[in-house]
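Each residue of the sequence shown is one higher than the one before, counting from 0 in numbering that gives the first Met the number 0.
We put the CB at the ideal spot given by N, CA and C, even for glycine.
If you're wondering where the values come from, they're calculated on a predicted model, not measured in any experiment.
Structure record follows, encoded as structure tokens.
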Amino acid sequence: MKKRKLISGSDSVLVVTDSQRVLDILDHSAYLRHIIPDFSISPTITNGSIVSLLQGSPAYLPSGLGVNADFGNIGEGQLCYLIYHLLQREFLRRNHFVLHAAAIERGDPILLVGPSKSGKSTLNLEMVLSHNCFSYGDDAIKLELSGNEFYVLGGNTYVGISPHHSNDGRLKEDVRGSTSGYVDIGLMGKHSDQRRLLRNVIFLEPDLLGSNKSKHVPREIGKIRFYEAVCMELRTVGYCIMSQGLSLPSLDDGTYSTRLVASLKDSDLEFFSISGSFSQMVDDVERILDGRFI
Numbered sequence: 000m001k002k003r004k005l006i007s008g009s010d011s012v013l014v015v016t017d018s019q020r021v022l023d024i025l026d027h028s029a030y031l032r033h034i035i036p037d038f039s040i041s042p043t044i045t046n047g048s049i050v051s052l053l054q055g056s057p058a059y060l061p062s063g064l065g066v067n068a069d070f071g072n073i074g075e076g077q078l079c080y081l082i083y084h085l086l087q088r089e090f091l092r093r094n095h096f097v098l099h100a101a102a103i104e105r106g107d108p109i110l111l112v113g114p115s116k117s118g119k120s121t122l123n124l125e126m127v128l129s130h131n132c133f134s135y136g137d138d139a140i141k142l143e144l145s146g147n148e149f150y151v152l153g154g155n156t157y158v159g160i161s162p163h164h165s166n167d168g169r170l171k172e173d174v175r176g177s178t179s180g181y182v183d184i185g186l187m188g189k190h191s192d193q194r195r196l197l198r199n200v201i202f203l204e205p206d207l208l209g210s211n212k213s214k215h216v217p218r219e220i221g222k223i224r225f226y227e228a229v230c231m232e233l234r235t236v237g238y239c240i241m242s243q244g245l246s247l248p249s250l251d252d253g254t255y256s257t258r259l260v261a262s263l264k265d266s267d268l269e270f271f272s273i274s275g276s277f278s279q280m281v282d283d284v285e286r287i288l289d290g291r292f293i
């Protein structure tokens, strides 16, 4: 048996495995470091939550403390999300929620929320390279819920390189990840892991007809959309805080969703929607950072 202590910021879990495939993913996968906030592995084994990933006939322990599977025939993406699922249990115990989003800061942080291919990664990297911003990450942002306030804690350090920046001379080889699709913003000195109060959330909108306008989003509508985004991310790793069923047993008894709704109800988050060309969206993010958005 081999052991690895998986760390995400202040959260951690000890994994015990007899699978070399699992060890290879834990030790070397760039994708794992893209989907888990502030991910690292420690050789120091201490007391804490223990989960097992063992080679064998497929089985899932209802307690969430172990999975048996034929790991040699599981794709990297599936295995990475399984590991992510194990860490999520620790996140939620401490009122930590991970959101499929990007986050930048130049003073106060701004959260960028949108579906895949909406421009989160491209905006994130552009604001870092050209607008003196720091980045929490572009795909997995960890938020802490405290009372009715949300704090940004950290995010993934391996951020995506879109075609817009693929040939950017400022992205030297020594900061690119083990695959050309990522850049390590920690090595760039541009990763933020400072706990900061979240005040502004931006939704990235598709503009297929060229008719959308950037605007403030009414607070009650923004809260619903924000809640839906959090729920969607939790569903991908096995937590059902909405009514849809899951392929894995859910460990949520309603506690997390009740807590989230109650906090959002009284929060004073501001919401924006931006759309249009890439340069227009960059200008809008800049204006929101400077408090000039109307």
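DSSP three-state assignment for residue i, whether helix, strand or coil
i           : result
residue 193 : coil
residue 228 : helix
residue 277 : helix
residue 121 : helix
residue 212 : coil
residue 17  : coil
residue 99  : coil
residue 292 : coil
residue 110 : strand
For residue j and residue i, the rounded distance between their alpha carbons
i           : j           : result
residue 217 : residue 133 : 28 Å
residue 96  : residue 272 : 22 Å
residue 18  : residue 3   : 12 Å
residue 75  : residue 24  : 7 Å
residue 167 : residue 160 : 10 Å
residue 40  : residue 31  : 12 Å
residue 82  : residue 145 : 26 Å
residue 9   : residue 49  : 16 Å
residue 5   : residue 289 : 37 Å
residue 196 : residue 263 : 14 Å
residue 245 : residue 1   : With a pLDDT of only 48 at residue 245, under the threshold of 50, the placement of this residue in the model should not be trusted; the figure read from the coordinates follows. C-alpha separation (whole angstroms): 30 Å.
residue 131 : residue 187 : 13 Å
residue 56  : residue 29  : 28 Å
residue 286 : residue 171 : 29 Å
Nearest neighbour of residue i, chosen from the options [CA to CA]
i           : options              : result
residue 183 : 16, 155 and 198      : 155
residue 275 : 205, 84, 30 and 169  : 205
residue 33  : 64, 150, 100 and 234 : 100
residue 15  : 270, 42, 198 and 111 : 42
Other residues of its chain near residue i: CB distance less than 6 Å, five sequence neighbours each side excluded
i           : result
residue 277 : none
residue 21  : 52 and 70
residue 214 : 272
Neighbourhood of residue i by C-beta, 7 Å cutoff - its chain only, sequence neighbours within 5 removed
i           : result
residue 158 : 120, 123, 124, 134, 136, 137, 181, 182 and 184
Spatial neighbours of residue i in its chain, beta-carbon cut-off 8 Å, leaving aside the 5 residues before and after
i           : result
residue 294 : It is not possible to answer for residue 294, since the shown part of the chain is limited to 0 through 293.
residue 225 : 112, 200, 263, 268 and 270
Checklist entry - At what residue ranges does the region 63 to 88 contain a whole run of the alpha helix (DSSP H), taking only runs of 4 or more? => result none
Checklist entry - Counting only runs that start and end within the region 139 to 165, where is the beta strand (DSSP E) found for 3 or more residues in a row? => result 140 to 145, 148 to 154 and 157 to 159
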